[in-house]
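Structure, as structure tokens:
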Amino acid sequence: VVVLFIDLDRFKLVNDSRGHEVGDQLLVAVGERLCAAIRDTDTVARYGGDEFAILCEDVSNHTRVMELAGRVQGALASPVPAVGGELFVSASIGVAVLADEGDVTTLVGNADAAMYRAKQLGGNRCEIFEQVMRTPAALRLSIHGELHRALERDEFFMDYQPLVSLSSGTVTGVEALVRWRHPERGVLAPIDFLSVAESSGLIVPIGERILSLAFSQARRWQTDFAGHVSPRVNINLSPLQFLQPEVAQTIAAALDSSGVVPGLIGLEITESTIMEDIDATARAMQELKALGVSLIIDDFGTGYSSLTHLKEFPVDELKVDRSFVAGLGRSEKDDAIVNAVIALAHSLGLTAIAEGVETAEQRERLQDLECDVGQGYYFGRPAAARHLFPVPRDPLPEVG
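Read in order, the letters of the sequence shown are residues 17 to 416 in the working numbering.
In structure tokens form, the structure reads like this:
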């Protein structure tokens with residue numbers, strides 16, 4: 017017996033931006049698609065909220081399990097017609113197999129833990145339960161409460177990773193990356209807590225704190241590099257942040273309070289996020305662009321964006337997902353995808369950025385493909401601001 021536990025990625029955004037009636041339409045459509053994707057002997061049930069479960073018998077091996085999960089993902093891949101425009105949906109899927117000594121309650125709990133791991137890794141993927149997943153599932157409740165206290169105690173801080181021109185080797189900017197200085201577990205990376213923050217809604221106040229820290233640092237560099245080119249600071253906006261109706265007002269307020277020049281701020285939005293709600297995305301991007309900040313589509317190549325939509329958005333840069341950069345020189349398909357994304361960016365007048373650059377070979381290949389900017393451990397790991405530019409008021413350094 018196998019259970020697939022399915023949780024729709026960022027479903028809350030649909031309710032918040034389009035209303036509960038559209039959210040209900042989406043749930044009905046998902047249920048119908050799941051029923052169409054399974055065998056006659058399988059059972060689909062809505063588990064609650066935006067969660068579904070599929071119970072399967074006579075699934076003999078790992079390959080069959082993954083085939084079934086693949087059919088589920090394929091069933092959800094095409095856009096869902098809805099009032100106000102199409103909706104794109106993806107799901108995090110957890111799979112658990114019933115052991116001889118197990119019971120149904122344990123089986124569902126294990127599938128839920130695997131689903132949480134899939135969501136923690138970015139969503140739109142399937143994970144099969146392993147015993148090691150029990151610990152993250154158990155930590156979720158404690159992390160939720162600790163995040164409240166972390167905000168009160170100001171335990172979040174920022175590291176910054178350099179963005180480097182591949183033609184000149186000069187640092188052109190940085191990406192701001194949040195860290196949590198946990199009083200017991202030490203410094204935690206985003207993968208350890210952001211999924212809990214997003215599912216609980218705490219990502220909004222945490223995101224506001226991130227904006228405050230990053231904008232303040234951008235303002236300090238603006239002063240330190242007076243007379244020279246100051247590094248631009250790129251900040252990741254979570255899906256919930258970006259699709260808040262007042263996102264432009266939030267950014268405008270941060271610009272006013274910090275005094276930073278808008279041109280020294282970049283906002284990174286993942287490709288999957290911008291496809292959540294096309295109309296809301298276009299509206300938010302137009303309002304943000306009017307403020308003078310740069311807009312970057314992050315993790316490009318992993319979502320479902322179409323060229324029709326892409327050309328209509330006022331974006332400045334495309335960021336090639338690290339999964340494709342990792343295969344440069346080893347996978348003809350990855351080479352072709354990276355080449356295509358860079359060519360697409362340039363044809364639209366956009367800057368092409370490659371993230372996850374870890375070797376000299378990858379850098380050289382990206383230079384051959386005329387990629388504009390690189391980011392990754394090859395150029396430098398995320399570090400505190402004081403370690404990146406220890407000598408202020410000098411021109412930006414060259415790296416690599």
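By construction, the Cβ of each residue, glycine as well, lies at the ideal position given by its N, Cα and C atoms.
Under the DSSP definition of a beta bridge, which residues are partnered with residue i?
i: LEU24; result: ALA107
i: ASN250; result: GLU191 and GLY282
i: ARG141; result: SER108
i: PHE395; result: According to DSSP, PHE395 bridges with nothing at all.
i: THR186; result: GLU414
i: ASP314; result: THR286
i: TRP237; result: Partner(s): none; TRP237 has no beta bridge.
i: VAL18; result: CYS72 and VAL113
i: GLY390; result: VAL180 and ALA370
i: HIS198; result: GLY202
i: VAL96; result: LEU103
Check for me: the beta strand (DSSP E) holding residue i runs from which residue to which?
i: GLY6; result: Nothing about residue 6 can be read from this structure; the chain reaches only from 17 to 416.
i: GLU371; result: 367-371
i: GLN177; result: 172-181
i: GLU374; result: Neither: GLU374 is in no beta strand (DSSP E) and is coded neither H nor E.
Could you say which of the options lies nearest to residue i if we only look at CA atoms?
i: PHE173; options: GLY161, PHE231, ILE290 and HIS160; result: PHE231
i: LEU385; options: LYS327, ARG141, ILE358 and GLU143; result: ILE358
i: VAL81; options: PHE145, GLY275 and VAL249; result: PHE145
i: GLU162; options: GLN136, PRO199 and ALA129; result: PRO199
i: ALA268; options: SER246, ALA298 and LYS305; result: LYS305
i: ALA368; options: ALA300, THR375, GLN383 and ALA342; result: GLN383
i: THR57; options: ARG299, GLN41, GLY64 and LEU84; result: LEU84
i: SER215; options: GLU67, TYR393, ARG62 and ILE54; result: GLU67
i: GLY86; options: GLU348, ALA53, ALA400 and ARG299; result: ALA53
i: VAL46; options: LEU366, LEU344, ASP25 and GLY372; result: ASP25
i: GLN41; options: PRO97, THR324 and ALA93; result: PRO97
i: ALA91; options: SER339, ASN31, ARG49 and VAL277; result: ARG49
i: GLY223; options: ARG236, ALA400, PHE241 and ALA192; result: ALA192
i: ILE7; options: TRP237, VAL277, PRO278 and ASP337; result: Since the first residue shown for the chain is 17 and the last is 416, residue 7 is missing from the structure and cannot be characterised.
i: VAL17; options: ALA213, ASP119, PRO95 and GLY345; result: ASP119
i: HIS164; options: SER184, TRP196, VAL187 and VAL276; result: TRP196
i: LEU182; options: GLU303, GLY65, ALA376 and MET301; result: ALA376
i: ALA427; options: LEU43, GLY282, ASP74 and ARG201; result: The first residue shown for the chain is 17 and the last is 416, placing residue 427 beyond what the model contains.
i: VAL276; options: ASP32, SER228, ARG55 and MET301; result: SER228
i: ASN252; options: ALA270, THR121, LEU283 and ALA264; result: LEU283
i: ASN355; options: ARG381, PRO95 and LEU366; result: ARG381
i: MET291; options: PHE104, SER339 and VAL60; result: PHE104
i: GLU102; options: TYR394, PHE329 and THR297; result: THR297
i: VAL389; options: GLU414, GLU37 and HIS78; result: GLU414
i: VAL245; options: ALA264, ARG397 and THR186; result: THR186
Under DSSP, the alpha helix (DSSP H) around residue i begins and ends at which residues?
i: TYR132; result: 120-136
i: ILE290; result: 287-290
i: CYS51; result: 36-53
i: GLU348; result: 348-363
i: GLY202; result: No alpha helix (DSSP H) contains GLY202, which is instead part of the beta strand (DSSP E) from 202-204.
i: LEU334; result: Unbroken run through LEU334 is the beta strand (DSSP E), 333-336; no alpha helix (DSSP H).
i: ASP272; result: 263-274
i: ILE207; result: Here ILE207 belongs to no alpha helix (DSSP H), and DSSP marks it neither H nor E.
i: HIS403; result: 401-404
i: HIS78; result: 78-93
i: ALA342; result: Counting along the chain, ALA342 falls outside any alpha helix (DSSP H), and DSSP gives it neither H nor E.
i: GLN260; result: From DSSP, GLN260 is part of no alpha helix (DSSP H); its letter is neither H nor E.
Is the CB-CB distance between residue i and residue j below 8 Å?
i: PHE27; j: GLY39; result: yes
i: ASP295; j: MET131; result: no
i: ASN140; j: GLY189; result: no
i: ALA234; j: LEU280; result: yes
i: ILE312; j: VAL331; result: yes
i: PRO255; j: THR289; result: yes
i: SER363; j: GLU333; result: no
i: ASP293; j: LEU29; result: yes
i: ALA342; j: GLY372; result: yes
i: GLN391; j: GLN177; result: yes
i: ILE109; j: ALA134; result: yes
i: GLN136; j: ILE207; result: yes
i: ALA400; j: CYS387; result: no
i: LEU344; j: ASP351; result: yes
i: PRO278; j: GLY243; result: no
i: GLY100; j: ARG34; result: yes
i: VAL19; j: VAL124; result: yes
i: HIS89; j: ALA61; result: The displayed chain sequence assigns Gln, not His, to residue 89. Against a cut-off of 8 Å, the Cβ pair of ALA61 and GLN89 comes out as no contact.
i: ALA300; j: ALA270; result: no
Say whether chain D places a C-beta atom closer than 8 Å to the C-beta of residue i.
i: ASP25; result: The structure shown contains no chain D; it is built from a single protein chain.
Does the contact criterion of 3 or more C-beta pairs under 8 Å hold for the region 212-219 versus the region 258-277?
Contact fails: fewer than three Cβ-Cβ distances are below 8 Å.
For the region 170-186 against the region 104-114, are there 3 or more C-beta pairs whose distance is under 8 Å?
Result no; under three Cβ-Cβ pairs closer than 8 Å.
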